[in-house]
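So the structure is just underneath, and the comments pick up after that.
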Amino acid sequence: MEKIRTLRGFRDIVGEELEKFRRVEAVFRGHCGILGFREIELPVLEKTELFVRSIGDTTDIVEKEMFTFTDIGGDSLTMRPEATAGMVRSYLQEGLHAKERMTKVFTMGPMFRHERPQKGRYREFHQIDVEVFGVKEPLVDAELIWMIRMFLGELGVEKYRIEVNSVGCKTCRESFRGVLVDFFETRKGELCEDCLRRLERNPLRIFDCKNEQCIRVTGDSPFLFDSLCGECRDHFELFQGYIEDFGVSVETNKRLVRGLDYYTKTVFEVTSDDLGAQKAFIAGGRYDNLVGEMGGPATAGIGFAVGVERLVMLLAPLSGKTEKRCFFAHVGDQARGRLIPLLKASAARGINLLYSYEAKSLKSQMRYADNLGCGFVLILGDDEIQKGVIVLRDMTGKTQHELPLDPEKAIEELERLNGL
RNA sequence: GUGGCUGUAGCUCAAUGGCGGAGCAUCGGAUUGUGGUUCCGAGGGUUGCGGGUUCAAGUCCCGUCAGCCACCCCA
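With positions in the first sequence counted from 1, the corresponding number in the numbering used here is that position plus 130.
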């Protein structure tokens, strides 16, 4: 029979990696609380239209990377490929735009994209997603950058780079697009195949290309950054000023472009060289038109997403737990009969008492206790029962004591002797 | 979606086209009821799957699936 395994790009998260996941989540929750963010839990499945409308129907995500299917009722549904769309939907559905002047929320959970797996890229992956609705001021842009730095600092991640840029608003982007297309038309022969395609669909993305020839061409090209409208330029300058006030160092990268259609003004990316080709592990930006485009009132928005798998790869190994465990070794039916009372007594006191379910030789049980990393072993056999004691062996010091046979008293004594 | 590399025991890996092995791990034993070190022993395999070539395929060929890495894209 064929072994069933996970789907391609899906995996079990276990052991130390899971502990790191939990740590990242816990540290992040802490920071979000301090900064006034509310946690919300969103559905993993939404109507396909939500993503088509928000992410953009010509983006790669929507065109070829979504897990989309038709349900029994005939609706087209999609496993969320990112969280912002759902956040906006929820913001409007819950009427938050009417209830509060601004909204700070975060969520975390699995996202799904049907891509070819590689280092740091899975079909099911996890994001922590933070969004602020209703604040136009660049102060909040800087606050998010600062928040990221605090968060990474607490996790002990030191080697990373924060890059920022502005992709302008609708008006400066529209007017620049013509300039850009005109420029690239004159240099068409030097662009790679992919960039020729980008030229048709989304010329800004040519700046993202890794092809050397294309990088040379874009080096000569005008940058959107240099032809921002007055408002966008002011926004970016204020943003930079606030970042300085927060004391965070960032680099301005005029090439930085994001792949989703909804970004406006501030965009940013946090990268690490320790990650392989997929080196961005946090990214985000402002999306001042999205809420309006999704049918809500014109509302500014900004947010970012943390790629948890990628971030976890940067975490140092966790220090070994010093959890104190105790083992109960039983020899003979009479001793085994004492197992349940002992188990109840130790559980009541919060002690992790391990034991062998099967009746095994004492040697085997001792070896098992050692394998499990138990510092103490309670030994009970016919001799002890006759004497009315339980033997307590300290596995590191190799010393043995006698404890009372009574389970409650024995556990009490064990606690007293060893500070368990 | 494209390309390169790789699939052999739970893990890491050997095996010229000729009887599928080792180390680690697991389990058992080494004076009766005492762990780690040491010694002895045991279990564990449809060589990813399906075809083909051959007297003979883990090995060569084709297909397929999966993993890794890169492209692409993105967190």
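Backbone N, C-alpha and C define an ideal beta-carbon position, used for all residues, glycine too. Being a predicted model, the structure only gives us computed values, none of them experimental.
| said: By DSSP's criteria, residue 510 is part of a beta bridge. Which residues make up the other side? | reply: The residue labelled residue 510 in the question sits at position 380 within the first sequence. Bridge pairing for residue 510: 460 [DSSP].
| task | Assuming residue 182 contacts residue 174 (C-beta within less than 8 Å), just tell me the rounded distance between them. | result | Here residue 182 refers to the residue found at position 52 when the first sequence is read from its first residue. Here residue 174 refers to the residue found at position 44 when the first sequence is read from its first residue. Taking 8 Å as the upper bound for CB-CB distance, residue 182 and residue 174 are not in contact here, some 17 Å apart.
| task | Within the region 192-227, note down every full beta strand (DSSP E) run reaching 3 residues or more, in order along the chain. | result | Qualifying beta strand (DSSP E) stretches, in chain order: 197-200, 206-209.
| Limits of the unbroken alpha helix (DSSP H) element including residue 444 | Working through the first sequence from its first residue, we reach residue 444 at position 314. Neither: residue 444 is in no alpha helix (DSSP H) and is coded neither H nor E.
| query | Quick one: Cα of residue 402 to Cα of residue 245, how far? | reply | The count along the first sequence starts at 1 and reaches residue 402 at position 272. The count along the first sequence starts at 1 and reaches residue 245 at position 115. One alpha carbon belongs to residue 402, the other to residue 245, and they sit about 21 Å apart.
| How many whole angstroms separate the CB atoms of residue 300 and residue 419, which I take to be in contact at a CB cut-off of 8 Å? | Looking up residue 300 in the first sequence gives position 170. Looking up residue 419 in the first sequence gives position 289. About 7 Å separates the CB atoms of residue 300 and residue 419; that is less than 8 Å, so the two are in contact.
| request: Taking residue 523 as part of the beta strand (DSSP E), name the residues at either end of that continuous run. | output: For the purposes of this step, residue 523 is identified with residue 393 of the first sequence, where counting begins at 1. 519-524 is the extent of the beta strand (DSSP E) around residue 523.
| residue 424, DSSP secondary structure in three states | For the purposes of this step, residue 424 is identified with residue 294 of the first sequence, where counting begins at 1. Here residue 424 sits in coil by DSSP.
| request: Determine the closest residue to residue 476 out of 536, 178, 280, 208, with distance taken between C-alpha atoms. | output: As a position in the first sequence, residue 476 is number 346, starting the count at 1. Of all alpha-carbon atoms in 536, 178, 280, 208, the one lying nearest the alpha-carbon of residue 476 is that of 536.
| If you follow the alpha helix (DSSP H) that residue 501 is part of, which residue opens it and which one closes it? | By one-based count along the first sequence, residue 501 stands at place 371. It spans 492-501 - the alpha helix (DSSP H) in which residue 501 sits, taken as one unbroken run.
| Residue interval of the alpha helix (DSSP H) (run including residue 366) | Along the first sequence, one-based indexing puts residue 366 at 236. Per DSSP, the continuous alpha helix (DSSP H) segment holding residue 366 begins and ends at 360-376.
| task | Give a yes or no on whether the C-beta atoms belonging to residue 433 and residue 214 are separated by under 8 Å. | result | Within the first sequence, the letter at position 303 stands for residue 433. Within the first sequence, the letter at position 84 stands for residue 214. If you check the CB distance, residue 433 and residue 214 come in under 8 Å.
| residue 137 classed as buried or exposed, judged by whether at least 16 other C-beta atoms fall within 10 angstroms | For the purposes of this step, residue 137 is taken as residue 7 along the first sequence, with counting starting at 1. So residue 137 ends up on the exposed side.
| query | Taking the continuous beta strand (DSSP E) assigned at residue 156, which residues delimit it? | reply | Your numbering for residue 156 matches position 26 in the first sequence. It is not in any beta strand (DSSP E) - residue 156 instead sits in the alpha helix (DSSP H) that spans 145-164.
| query | What is the DSSP secondary structure of residue 284, reduced to helix, strand or coil? | reply | On the first sequence, position 154 is the one that residue 284 refers to. Per DSSP, reduced to three states, the secondary structure at residue 284 is helical.
| request: Starting from residue 234, follow its DSSP beta bridges and name the residues at the other end. | output: Translated into positions along the first sequence, residue 234 becomes position 104. DSSP output for residue 234 lists 262 as bridge partner(s).
| Cα-Cα separation between residue 539 and residue 406, rounded to whole angstroms | Position 409 of the first sequence holds residue 539. Position 276 of the first sequence holds residue 406. Computed Cα separation, rounded: 57 Å.
| query | So who's on the other strand from residue 483, going by DSSP bridges? | reply | For this step, residue 483 is matched to residue 353 along the first sequence. The partner list for residue 483 (beta bridge, DSSP) reads 456.
| request: Identify every residue that forms a DSSP beta bridge with residue 176. | output: Here residue 176 refers to the residue found at position 46 of the first sequence. Answer is 208.
| Looking at residue 220 and residue 172, is the spacing between their C-beta atoms short of 8 Å? | Indexing the first sequence from 1 puts residue 172 at position 42. Indexing the first sequence from 1 puts residue 220 at position 90. A Cβ-Cβ contact shorter than 8 Å links residue 172 with residue 220.
| message | Using only CA atoms, which one of 224, 241, 188, 235 lies nearest to residue 208? | response | Sequence index remark: in the first sequence, residue 208 carries index 78 (1-based). Residue nearest to residue 208 within the set 224, 241, 188, 235 is 241 (criterion: CA-CA distance).
| task | Quick one: using the 10 Å Cβ neighbour count with 16 as the cut-off for buried, is residue 216 buried or exposed? | result | Here residue 216 refers to the residue found at position 86 when the first sequence is read from its first residue. With 16 or more other Cβ atoms inside 10 Å of its own Cβ, residue 216 counts as buried.
| said: Tell me which residue opens and which closes the beta strand (DSSP E) that residue 529 is part of. | reply: The residue given as residue 529 occupies position 399 in the first sequence. Bounds of the beta strand (DSSP E) holding residue 529 are 529-534.
| task | Name, in chain order, the residues that DSSP records as bridge partners for residue 296. | result | As a first step, residue 296 is located in the first sequence; it is residue number 166 there, counting from the start. Beta-bridge pairing links residue 296 to 396.
| Paired residues, beta bridge with residue 106 - DSSP | Because the chain here runs from 131 to 550, residue 106 falls outside it and cannot be looked at.
| query | Does the beta-carbon of residue 417 have 16 or more other beta-carbons within 10 angstroms, so that it is buried, or is it exposed? | reply | Looking up residue 417 in the first sequence gives position 287. A residue is called buried once 16 or more other Cβ atoms fall within 10 Å of its Cβ, and residue 417 is buried on that count.
| request: Determine the direct distance from the alpha carbon of residue 436 to that of residue 410, and round the result to whole angstroms. | output: The residue labelled residue 410 in the question sits at position 280 within the first sequence. The residue labelled residue 436 in the question sits at position 306 within the first sequence. Their backbone Cα atoms lie some 9 Å apart in a straight line.
| task | On a CA-only basis, which of 141, 294, 135, 454 is nearest residue 502? Give me that one, please. | result | By one-based count along the first sequence, residue 502 stands at place 372. Of the listed residues, the one whose Cα sits closest to residue 502 is 454.
| Per-residue burial, residue 228 [other beta carbons within 10 Å of its own, 16 or more giving buried] | For this step, residue 228 is matched to residue 98 along the first sequence. So residue 228 counts as exposed.
| task | Give every residue of the same chain whose Cβ lies closer than 6 Å to the Cβ of residue 530, excluding the five residues on either side of it in the sequence, and list them in chain order. | result | Start at 1 with the first residue of the first sequence, and residue 530 comes out as number 400. The residues are 521, 523.
| field | Pick from 443, 333, 366, 342 that is closest to residue 352, judged by C-alpha positions | value | Within the first sequence, residue 352 is the residue found at index 222, counting from 1. Here the closest residue by C-alpha is 333.
| Those residues which DSSP pairs with residue 436 across a bridge | Within the first sequence, numbered from 1, the residue matching residue 436 stands at position 306. Paired residue(s): 258, 412.
| How would you call residue 489, buried or exposed, if buried means at least 16 neighbouring beta carbons within 10 angstroms? | Translated into the one-based positions of the first sequence, residue 489 becomes position 359. Flag for residue 489 reads exposed.
| Roughly how many angstroms lie between the CA atoms of residue 151 and residue 253, to the nearest whole one? | What you label residue 151 is simply residue 21 of the first sequence in a count that begins at 1. What you label residue 253 is simply residue 123 of the first sequence in a count that begins at 1. Rounded to whole angstroms, the separation of the alpha carbons of residue 253 and residue 151 is 17 Å.
| message | DSSP three-state label for residue 466, please. | response | Here the question's residue 466 lines up with position 336 in the first sequence. Shown here, residue 466 sits in a helix according to DSSP, grouped into three states.
| When burial is assigned at 16 or more other CB atoms within 10 Å of the CB, is residue 395 buried or exposed? | Your numbering for residue 395 matches position 265 in the first sequence. Counting Cβ neighbours within 10 Å, residue 395 comes out buried, since at least 16 surround it.
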